[in-house]
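Asker: Please read through the structure below; I'll follow up with questions.
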Amino acid sequence: DGGITQSPKYLFRKEGQNVTLSCEQNLNHDAMYWYRQDPGQGLRLIYYSQIVNDFQKGDIAEGYSVSREKKESFPLTVTSAQKNPTAFYLCASQQGAGGYTFGSGTRLTVV
Amino acid sequence: AQSVAQPEDQVNVAEGNPLTVKCTYSVSGNPYLFWYVQYPNRGLQFLLKYITGDNLVKGSYGFEAEFNKSQTSFHLKKPSALVSDSALYFCAALEGTYKYIFGTGTRLKVLA
């Protein structure tokens, strides 16, 4: 089945630690996205990539970094510069203007 | 600035009654509008979209949405609610070619 796989489902980060969230798609979609979801705030765009080796900052990129070395993969690194990283992170992809396909999310908690 | 608004944080409806989840938008040009549903600790699932054509759009699980250009609204509806419809619903609009603006979400609670 085609889809988007996010891993891990749950992730715990210590203060000052960098962590990387994985996002892989087998839909052959060009564009991929990372969103952060906090209660009552909806989805906020962190980074997006329209093609391989190119990506753009979204609305809340500070403290995050991404790479797009392969069409299928768009990992997100939450760096120690992100002061409030506890949230639910969603990866999505799309082809054209037909709407997103979302992964099942990663819940990141600072311990 | 372009925006999507969902004015209700929560909507309660009795099982079997019709439901409406409201969405208004402010985007330039012809709007591309979407509804998604999210179950706890899961990603969002696509329900339906409006690109052009009929103002009444039918989607998954018996949901439909009515596009109203004069009121800049795109309300989600279902004639008869099920308990299993209880979830978080998001309205979204396409901004430019690749980016979407999401509303803050409306929690639907269907009471048995």
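Here the protein sequences line up with chains A and B, keeping their order. So in this note's numbering, the last one in the first sequence is 111, and the numbering has no gaps at all. So in this note's numbering, the last one in the second sequence is 1112, and the numbering has no gaps at all. Beta carbons: idealized from backbone N, C-alpha and C, even for Gly.
Could you pull out every residue in the same chain whose Cβ sits closer than 8 Å to the Cβ of Leu43(A), ignoring the five residues on either side in sequence?
Answerer: The residue you call residue 43(A) lines up with position 43 of the first sequence. Within the same chain, Leu43(A) has close Cβ partners Tyr35, Arg36, Gln37, Leu90.
Asker: Using the Cα positions of Asn67(A) and Thr106(A), report the straight-line distance between them to the nearest angstrom.
Answerer: In the first sequence, counting from the first residue as 1, residue 67(A) sits at position 67. In the first sequence, counting from the first residue as 1, residue 106(A) sits at position 106. The question names Asn, but residue 67(A) in the sequence shown is Ser. So the two alpha carbons sit approximately 18 Å from each other.
Asker: Measuring alpha carbon to alpha carbon, tell me which residue in Ser1073(B), Asn1041(B), Asn1017(B), Ala1065(B) is nearest Ser1003(B).
Answerer: Mapped onto the second sequence, residue 1003(B) falls at position 3. For the residues Ser1073(B), Asn1041(B), Asn1017(B), Ala1065(B), the minimum Cα distance to Ser1003(B) belongs to Ser1073(B).
Asker: Is the region 1011–1018 of chain B close to the region 52–66 of chain A, with three or more CB pairs under 8 Å?
Answerer: As far as the Cβ criterion goes, the region 1011–1018 of chain B does not touch the region 52–66 of chain A, which means the pair count is below three.
Asker: If you compare alpha carbons, which of Gln94(A), Gly103(A), Gly96(A), Thr109(A) is closest to Ala87(A)?
Answerer: Residue 87(A) sits at position 87 when you count from the first residue of the first sequence. With distances taken between Cα atoms, Ala87(A) lies closest to Thr109(A).
Asker: In whole angstroms, what is the alpha-carbon distance linking Glu1008(B) and Thr1106(B)?
Answerer: Indexing the second sequence from 1 puts residue 1008(B) at position 8. Indexing the second sequence from 1 puts residue 1106(B) at position 106. When rounded, the distance between both Cα atoms is 6 Å.
Asker: Using a 10 Å radius around the Cβ and a threshold of 16 neighbouring Cβ atoms, would you call Gly1103(B) buried or exposed?
Answerer: Counting from 1 along the second sequence, the entry for residue 1103(B) is found at position 103. Looking at its Cβ environment, which holds 16 or more other Cβ atoms inside 10 Å, Gly1103(B) is buried.
Asker: Consider the Cβ of Lys1022(B): report whether some Cβ of chain A lies at a distance smaller than 8 Å.
Answerer: Numbered from 1 along the second sequence, position 22 holds the residue referred to as residue 1022(B). So, not an interface residue.
Asker: Just to confirm, are Gln6(A) and Ser73(A) a CB contact at a threshold of 8 Å?
Answerer: By one-based count along the first sequence, residue 6(A) stands at place 6. By one-based count along the first sequence, residue 73(A) stands at place 73. It is not a contact, given that the beta carbons lie outside the stated cut-off.
Asker: Going by C-alpha to C-alpha distance, which of Ala1093(B), Lys1099(B), Ala1087(B), Thr1052(B) sits closest to Cys1023(B)?
Answerer: Position 23 of the second sequence, counting from 1, holds the residue named residue 1023(B). Checking every option, the nearest Cα to that of Cys1023(B) belongs to Ala1093(B).
Asker: Count the other CB atoms within 10 Å of the CB of Leu1056(B); is the residue buried (16 or more) or exposed (fewer)?
Answerer: As a working note, residue 1056(B) is residue 56 in the second sequence. Exposed, because fewer than 16 other Cβ atoms sit within 10 Å of the Cβ of Leu1056(B).
Asker: Are there 16 or more other CB atoms within 10 angstroms of the CB of Thr101(A), so buried, or fewer, so exposed?
Answerer: Within the first sequence, the letter at position 101 stands for residue 101(A). By the neighbour-count rule (16 or more Cβ atoms within 10 Å), Thr101(A) is buried.
Asker: Going by DSSP in three states, Tyr1098(B) sits in which element: helix, strand or coil?
Answerer: Your numbering for residue 1098(B) matches position 98 in the second sequence. Of the three classes helix, strand and coil, the one that applies to Tyr1098(B) here is coil, per DSSP.
Asker: Does DSSP classify Ser67(A) as helix, strand or coil?
Answerer: The sequence position of residue 67(A) within the first sequence is 67, counting from 1. It is coil, neither helix nor strand.
Asker: Measuring alpha carbon to alpha carbon, tell me which of Ala81(A), Thr77(A), Ala92(A) ends up nearest Glu15(A).
Answerer: Here residue 15(A) is taken as the residue at index 15 of the first sequence, counted from 1. Selected option, being the one with the closest Cα: Ala81(A).
Asker: Can you list, in chain order, the residues of the region 45–58 of chain A whose Cβ is nearer than 7 Å to any Cβ on chain B?
Answerer: For the region 45–58 of chain A, which is checked against every Cβ of chain B, the residues closer than 7 Å are Leu45, Tyr48, Gln50.
Asker: Using the Cα positions of Pro1031(B) and Ile51(A), report the straight-line distance between them to the nearest angstrom.
Answerer: Looking up residue 1031(B) in the second sequence gives position 31. Looking up residue 51(A) in the first sequence gives position 51. Distance between the alpha carbons of Pro1031(B) and Ile51(A) is about 24 Å.
Asker: Taking Cβ-Cβ distances below 8 Å as the criterion, which residues of the region 1041–1069 of chain B are in contact with chain C?
Answerer: The structure shown contains no chain C; its protein chains are A and B.
Asker: Are the Cβ atoms of Thr79(A) and Asn26(A) separated by less than 8 Å?
Answerer: Reading the first sequence from its first residue, position 79 is the one you call residue 79(A). Reading the first sequence from its first residue, position 26 is the one you call residue 26(A). Their beta carbons are not under 8 Å apart, which means Thr79(A) does not touch Asn26(A) by this criterion.
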